[in-house]
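K.L.:
Dropping a structure here in structure tokens format, bear with me for questions.
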Amino acid sequence: YGNFVTYDPPLTPLTVLLWVLPLAAIVAGGWIIVARTRRRVRLRREPLPADTPVCGARAGWGVYVPGAVIALAVGAGSYALTGSYQQVRVWQQATAQTPGLLARALDPQAQPLNEEEMARLALGLRTRLQNDAGNVEGWLMLGRTGMVLGNAGTATGAYANAYRLDPENRDAALGYAEALTRSSDPEDNRRGGELLRRLVSRDHTDIRVLSLYAFSAFEQQRFGEAVAAWEMMLKLLPAGDARRAVIERSIRLAQEK
Numbered sequence: 122y123g124n125f126v127t128y129d130p131p132l133t134p135l136t137v138l139l140w141v142l143p144l145a146a147i148v149a150g151g152w153i154i155v156a157r158t159r160r161r162v163r164l165r166r167e168p169l170p171a172d173t174p175v176c177g178a179r180a181g182w183g184v185y186v187p188g189a190v191i192a193l194a195v196g197a198g199s200y201a202l203t204g205s206y207q208q209v210r211v212w213q214q215a216t217a218q219t220p221g222l223l224a225r226a227l228d229p230q231a232q233p234l235n236e237e238e239m240a241r242l243a244l245g246l247r248t249r250l251q252n253d254a255g256n257v258e259g260w261l262m263l264g265r266t267g268m269v270l271g272n273a274g275t276a277t278g279a280y281a282n283a284y285r286l287d288p289e290n291r292d293a294a295l296g297y298a299e300a301l302t303r304s305s306d307p308e309d310n311r312r313g314g315e316l317l318r319r320l321v322s323r324d325h326t327d328i329r330v331l332s333l334y335a336f337s338a339f340e341q342q343r344f345g346e347a348v349a350a351w352e353m354m355l356k357l358l359p360a361g362d363a364r365r366a367v368i369e370r371s372i373r374l375a376q377e378k
């Protein structure tokens, strides 16, 4: 629904059909009107038999009815097939439900949102942010929703806006870095790794930052940096933490590369 909310619909065969069918209906209606008019003129010019009564009454608006009916029928049919009525209705419902969905998403005691509700929440948030583009928390929430839905474009764009508005916001920087490292674009991965490196240089004790940095370094085959980050995590985690075993296996795997 992103294209629909920003009023920038893609050009598709259905869109072309929506434009062409009403025009074709108008042309067909006009052709019918012209044909009937020419027939009346021809009949008037032809001599009438003596026993044929002459009707002097002028044809009324009824002559235009067939063309108008065809134009309306084809236009209505094309709108029903290719129009955006259903999208408009879904968008309106999502906008109306956004406050309740957002409250549930932020309440740890509430029932978690399912995938359909998360999609409606994303649509509602995107709509809100069209009129409140400076809302950092709104962009962060949209970014988190995009990550949950697996929508890389939504997540990356939302976190990018949040980070642009507030570069010192830790959640914005970390969310943006995570979205970039999960991208299929190598350039995004590189930028995400650089951002994580800056975050690590600011704080060597943040487990989440270290974990993302190690993952990013490993994926980009910077195995030495990955091992260093994991070893730093081992120093910070308590002895009985279950994550230690996973980290130790990751270190051995990286050292074998």
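Residue 122 is where the sequence shown starts when you use the working numbering, and the numbers rise one by one after that.
Even for Gly, the Cβ is constructed at its ideal location relative to N, Cα and C.
What three-state label does DSSP hand Glu289 in the structure shown?
P.N.:
coil
K.L.:
What are the boundary residues of the alpha helix (DSSP H) that includes Asn252?
P.N.:
236-252
K.L.:
With distances taken from CA atoms, which of Arg249, Glu346, Gly296 is nearest Gly313?
P.N.:
Gly296
K.L.:
Keeping to the same chain, check which residues put their C-beta closer than 8 Å to that of Val257; ignore five residues upstream and five downstream.
P.N.:
Ala283, Leu286, Asp287, Asn290, Ala293
K.L.:
What residue does the alpha helix (DSSP H) around Gly345 start on, and which one ends it?
P.N.:
344-357
K.L.:
Between Leu333 and the rest of its own chain, which residues show a CB-CB distance below 6 Å, the 5 nearest in sequence each way excluded?
P.N.:
Glu299, Leu317
K.L.:
Roughly how many angstroms lie between the CA atoms of Val321 and Leu331, to the nearest whole one?
P.N.:
7 Å
K.L.:
Given a threshold of 16 other Cβ atoms within 10 Å of its Cβ, counted over all protein chains shown, does Gly345 qualify as buried or as exposed?
P.N.:
exposed
K.L.:
Is Ser371 buried or exposed, if buried means 16 or more other CB atoms sit within 10 Å of its CB?
P.N.:
So Ser371 ends up on the buried side.
K.L.:
Would you kindly work out how many angstroms separate the C-alpha atoms of Met262 and Ile153, rounded to a whole number?
P.N.:
57 Å
K.L.:
With respect to the alpha helix (DSSP H) encompassing Thr266, which residues constitute its N-terminal and C-terminal limits?
P.N.:
Segment 257-270, the alpha helix (DSSP H) holding Thr266.
K.L.:
If I follow the unbroken alpha helix (DSSP H) through Pro307, where does it start and stop?
P.N.:
Residues 307-323.
K.L.:
Tell whether a beta-carbon distance below 8 Å holds between Leu246 and Gly255.
P.N.:
no
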